[in-house]
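Novice: Using the working numbering, the first residue of the sequence shown is number 113, and each one after it goes up by one. Got a structure for you, questions after.
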Amino acid sequence: MEDLEQTPQEVKLIVTEEMRSYIYEISKWARFLSIIGFILAAFLIIGSFGIGAAITANPAMVAQLGPLAGAGAIGITIFYLLLALMYFYPSLLLFRFSNKGKQGILYGDQESLNDAMMNMKSLFKFWGIFTIVIMICYFLFMLLFAASMVKA
């Protein structure tokens with residue numbers, strides 16, 4: 113009877129030197145990838161305003177855009193700004209992981225390492241939700257395409 117009333121013991125994980133070196137190296141690559149992501153997001157932001165201005169200034173360009181032409185200059189600008197956000201947010205999470213992970217490993221700071229892992233969790237959660245949304249959009253697109261083929 114006493115076995116059922118025992119409280120579970122707290123599990124303690126040990127971070128070995130090998131694991132610390134892996135996290136330190138991951139932190140360096142995460143910093144590199146996050147900086148590249150920030151640069152790409154900046155280019156997308158600049159490009160979003162540039163293409164919007166180009167479309168407004170040159171109506172002949174609208175004909176070259178094909179299906180995107182229906183959205184107009186403001187719609188295309190918003191589309192590119194959303195793409196920039198899609199690059200910026202994961203890059204920000206990677207950058208935070210990099211800083212906190214490196215600090216946690218170099219100084220033995222458990223709080224920083226916890227924050228680093230929280231940012232990594234958020235990054236994977238973001239990409240998981242994004243992947244689900246894209247898969248649903250593909251499925252809906254296939255349904256709409258199939259429905260249009262049946263009508264034709």
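Every residue, glycine too, gets a C-beta built ideally from N, C-alpha and C.
Determine the contact status of L193 and S146, defining contact as a CB-CB distance below 9 Å.
Specialist: Sequence index remark: in the sequence shown, residue 193 carries index 81 (1-based). Sequence index remark: in the sequence shown, residue 146 carries index 34 (1-based). Not closer than 9 Å, so no.
Novice: By a C-beta neighbour count over all protein chains shown, 10 Å radius and 16 as the cutoff for buried, is T128 buried or exposed?
Specialist: Along the sequence shown, one-based indexing puts residue 128 at 16. By the 10 Å Cβ count, T128 comes out exposed.
Novice: DSSP three-state label for A264, please.
Specialist: Taking the sequence shown and counting its residues from 1, one reaches residue 264 at position 152. Correct three-state label for A264: coil.
Novice: With C-beta atoms as the reference, is A153 less than 9 Å away from A185?
Specialist: Position 41 of the sequence shown, counted from the first residue, corresponds to residue 153. Position 73 of the sequence shown, counted from the first residue, corresponds to residue 185. Contact flag unset, no.
Novice: Can you have a look at T243 and say buried or exposed, based on whether 16 or more other CB atoms are within 10 angstroms of its CB?
Specialist: As a first step, residue 243 must be located in the sequence shown, where it is residue number 131. The residue in question, T243, is exposed, as its Cβ has fewer than 16 Cβ neighbours within 10 Å.
Novice: By the three-class DSSP mapping on this structure, what secondary structure does Q121 have?
Specialist: Residue numbering aside, residue 121 sits at position 9 when the sequence shown is read from its first letter. It is coil, neither helix nor strand.
Novice: For I138, which of Y250, M229, W239, A169 has the nearest alpha-carbon?
Specialist: Position 26 of the sequence shown, counted from the start, is the residue given in the question as residue 138. Comparing Cα positions, the closest option is M229.
Novice: I'd like to know whether the C-beta atoms of L218 and R143 end up nearer to each other than 9 Å.
Specialist: Translated into positions along the sequence shown, residue 218 becomes position 106. Translated into positions along the sequence shown, residue 143 becomes position 31. Taking 9 Å as the Cβ cut-off, L218 and R143 do not qualify as a contacting pair.
Novice: Have a look at G284 and F238 and give me their C-alpha separation to the nearest angstrom.
Specialist: Nothing in the structure corresponds to residue 284, since the chain is present only between 113 and 264.
Novice: Using the C-alpha atoms, what's the distance from M131 back to N76?
Specialist: Not covered by the structure: residue 76. The range shown for the chain is 113 to 264.
Novice: Quick one: using the 10 Å Cβ neighbour count with 16 as the cut-off for buried, is S160 buried or exposed?
Specialist: Here residue 160 refers to the residue found at position 48 when the sequence shown is read from its first residue. That one is buried.
Novice: CA-CA distance, I190 and Q222?
Specialist: Taking the first residue of the sequence shown as 1, we reach residue 190 at position 78. Taking the first residue of the sequence shown as 1, we reach residue 222 at position 110. Distance between the alpha carbons of I190 and Q222 is about 41 Å.
Novice: Would you kindly work out how many angstroms separate the C-alpha atoms of Y134 and F209, rounded to a whole number?
Specialist: Translated into positions along the sequence shown, residue 134 becomes position 22. Translated into positions along the sequence shown, residue 209 becomes position 97. Distance between the alpha carbons of Y134 and F209 is about 14 Å.
Novice: Can you give, in chain order, each stretch of the alpha helix (DSSP H) that sits fully within the segment 123-208 and has at least 4 residues?
Specialist: Whole alpha helix (DSSP H) segments, 4+ residues: 129-169, 172-176.
Novice: Whose C-alpha, out of A259, P202, F253, is nearest the C-alpha of K233?
Specialist: Here residue 233 is taken as the residue at index 121 of the sequence shown, counted from 1. Of A259, P202, F253, the residue nearest in Cα terms is P202.
Novice: Does the Cβ-Cβ distance between Y136 and G213 come in under 9 Å?
Specialist: Along the sequence shown, one-based indexing puts residue 136 at 24. Along the sequence shown, one-based indexing puts residue 213 at 101. Yes, these two residues count as a Cβ contact at 9 Å.
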